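The block underneath contains the structure these notes are about, expressed in structure tokens.
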Amino acid sequence: MTIPPHWYLALGTGLFTVGVVGVLTRRNVIVILMSIELILNAVNINLVAFSRMFHSVDGQVFAIFVITDAAAEAAIGLGLIIALFRNKETVNADEIDLLKW
Amino acid sequence: MVILFYIAAIVAILAALGVVLQKTPVYSALLLIVVLCSLAVIYLLLGAEFIAFIQVIVYAGAIMVLFVLVIMLLNARRETPGQGSRMARWLGGPLLVVFLAEIVLAAWRQFPGAASPPPLNAGPAAIGQLLFRSYVLPFEVTSILILVAILGAVVLAKKS
Numbered sequence: 000m001t002i003p004p005h006w007y008l009a010l011g012t013g014l015f016t017v018g019v020v021g022v023l024t025r026r027n028v029i030v031i032l033m034s035i036e037l038i039l040n041a042v043n044i045n046l047v048a049f050s051r052m053f054h055s056v057d058g059q060v061f062a063i064f065v066i067t068d069a070a071a072e073a074a075i076g077l078g079l080i081i082a083l084f085r086n087k088e089t090v091n092a093d094e095i096d097l098l099k100w
Numbered sequence: 000m001v002i003l004f005y006i007a008a009i010v011a012i013l014a015a016l017g018v019v020l021q022k023t024p025v026y027s028a029l030l031l032i033v034v035l036c037s038l039a040v041i042y043l044l045l046g047a048e049f050i051a052f053i054q055v056i057v058y059a060g061a062i063m064v065l066f067v068l069v070i071m072l073l074n075a076r077r078e079t080p081g082q083g084s085r086m087a088r089w090l091g092g093p094l095l096v097v098f099l100a101e102i103v104l105a106a107w108r109q110f111p112g113a114a115s116p117p118p119l120n121a122g123p124a125a126i127g128q129l130l131f132r133s134y135v136l137p138f139e140v141t142s143i144l145i146l147v148a149i150l151g152a153v154v155l156a157k158k159s
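These protein sequence lines are chains A and B, in that order. So for the first sequence, numbering that gives the first Met the number 0 puts the first residue at 0; every next one is plus one. So for the second sequence, numbering that gives the first Met the number 0 puts the first residue at 0; every next one is plus one.
In structure tokens:
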């Protein structure tokens, strides 16, 4: 009794969509970063599901690379947020408009 | 197995919705930990034990500690809703449903009723063999990426 691969892809799609909605609708930069983590996790589900589907370990190796990238992205993103907060005293994405004309 | 998959998937989707809809950043972070742990259950169901443990240790452990630390450090409070445009509010929902349905439909059409093959031997040994033989160059590039990220974080956090 195994689960067909569709369901994993559907779950990944759902998580990806929720993550995109979070990136587009939230104002808090920290929550936007968390939504990006959701998107990366949706990618990971797909990679691991395809690894199972095509019977090869390569997908899981790529999932490890994605997790590494997520760690680097979180470190840089949170460092940026702290630097921004120090200069602008805000974590709202729409109030950070230094580059707007 | 199937019931466990459905429980983990529903918990993951609901908690992800909570992450996005929740107005308090700390609750969002805690719900994101729930998402990551239920995804670890799904990786276990897929026979990817190593990824599941990495998910719990690196994601739910290290990365989320970083997030919670920054939320506490910046004292992020409840978020007040911004004034979005009216068109976005009316068009957003339908476009979202179309987008979701399109991807799910494409996936369904691409793999019609494919049965899962037998579980593959994907222990840490197999992954390590592949990582250090076929994927040595990406692995080394990733180590440079991490080094750059560390240097960048230090430079950003330094008081100028």
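Ideal placement from N, C-alpha and C gives every residue a C-beta, glycine not left out. None of the values given here were measured: they were computed from a predicted structure.
Where residue i falls: helix, strand or coil (DSSP)
i: Asn43 (chain A); result: helix
i: Asn86 (chain A); result: helix
Segment limits, alpha helix (DSSP H) that includes residue i
i: Pro4 (chain A); result: 4-24
i: Ala59 (chain B); result: First-last for Ala59 (chain B): undefined, no H or E at that position.
i: Phe110 (chain B); result: Premise fails: Phe110 (chain B) is in no alpha helix (DSSP H) and is neither H nor E.
i: Gly46 (chain B); result: Where Gly46 (chain B) is concerned, there is no enclosing alpha helix (DSSP H), given that its DSSP letter is neither H nor E.
i: Ala8 (chain B); result: 1-20
i: Phe66 (chain B); result: 63-73
Between the CA atoms of residue j and residue i - distance to the nearest angstrom
i: Phe110 (chain B); j: Ile75 (chain A); result: 38 Å
i: Lys158 (chain B); j: Tyr26 (chain B); result: 30 Å
i: Ala59 (chain B); j: Tyr7 (chain A); result: 21 Å
i: Ala156 (chain B); j: Leu72 (chain B); result: 13 Å
i: Ile9 (chain B); j: Leu45 (chain B); result: 16 Å
i: Asp57 (chain A); j: Ser50 (chain A); result: 7 Å
i: Arg85 (chain B); j: Ile126 (chain B); result: 50 Å
i: Thr1 (chain A); j: Ala82 (chain A); result: 48 Å
i: Asp68 (chain A); j: Ala62 (chain A); result: 10 Å
i: Leu90 (chain B); j: Val97 (chain B); result: 11 Å
i: Val55 (chain B); j: Leu23 (chain A); result: 27 Å
i: Leu150 (chain B); j: Arg132 (chain B); result: 28 Å
i: Met63 (chain B); j: Phe49 (chain B); result: 19 Å
i: Gly21 (chain A); j: Thr141 (chain B); result: 28 Å
i: Glu78 (chain B); j: Asn27 (chain A); result: 7 Å
i: His54 (chain A); j: Pro117 (chain B); result: 8 Å
i: Leu79 (chain A); j: Leu16 (chain B); result: 26 Å
i: Glu94 (chain A); j: Phe84 (chain A); result: 11 Å
Residue i Cβ short of 6 Å to the ligand GTP heavy atom set
i: Met33 (chain A); result: For the structure depicted, the ligand GTP is absent and the ligand set is empty, with no information on it obtainable.
Reference residue i, options the options, closest by Cα
i: Tyr42 (chain B); options: A:Thr16, A:Glu94, A:Ala69, A:Gly11; result: A:Gly11
i: Val60 (chain A); options: A:Ser34, A:Leu77, A:Val42, A:Ala71; result: A:Val42
i: Thr23 (chain B); options: A:Val30, A:Asn86, A:Leu77; result: A:Val30
i: Ile70 (chain B); options: A:Asp68, A:Leu77, A:Glu72; result: A:Leu77
i: Val238 (chain B); options: B:Leu95, B:Ala28, B:Ser133, B:Ala100; result: Nothing about residue 238 (chain B) can be reported from this structure: the residues present for chain B run from 0 to 159 only.
i: Val33 (chain B); options: A:Asn40, A:Asn27, A:Val28; result: A:Asn40
i: Val65 (chain A); options: A:Val28, A:Asn27, A:Thr89, A:Glu36; result: A:Glu36
i: Ala73 (chain A); options: B:Ala61, B:Ala75, B:Thr79; result: B:Ala61
i: Pro40 (chain B); options: B:Tyr5, B:Val154, B:Leu13, B:Ala87; result: It is Val, not Pro, that sits at residue 40 (chain B) in the sequence shown. Ranking the options by Cα distance to Val40 (chain B), first place goes to B:Tyr5.
i: Gly13 (chain A); options: A:Met52, A:Phe53, A:Asn45, A:Lys99; result: A:Asn45
i: Cys36 (chain B); options: B:Ala121, B:Ile143, B:Ala105, B:Ala14; result: B:Ala14
i: Phe52 (chain B); options: B:Gly122, B:Gln128, B:Leu129, B:Ala105; result: B:Gly122
Interface residues of chain D facing residue i [CB-CB closer than 7 Å]
i: Val60 (chain A); result: You won't find chain D in this structure, because its protein chains are A and B.
Exercise for review: Any chance you could list the alpha helix (DSSP H) runs of at least 4 consecutive residues sitting entirely within the stretch 114-156 of chain B, in chain order?
Suggested key: As for any alpha helix (DSSP H) of minimum length 4 sitting wholly inside the stretch 114-156 of chain B, the runs are 123-132, 135-156, ordered along the chain.
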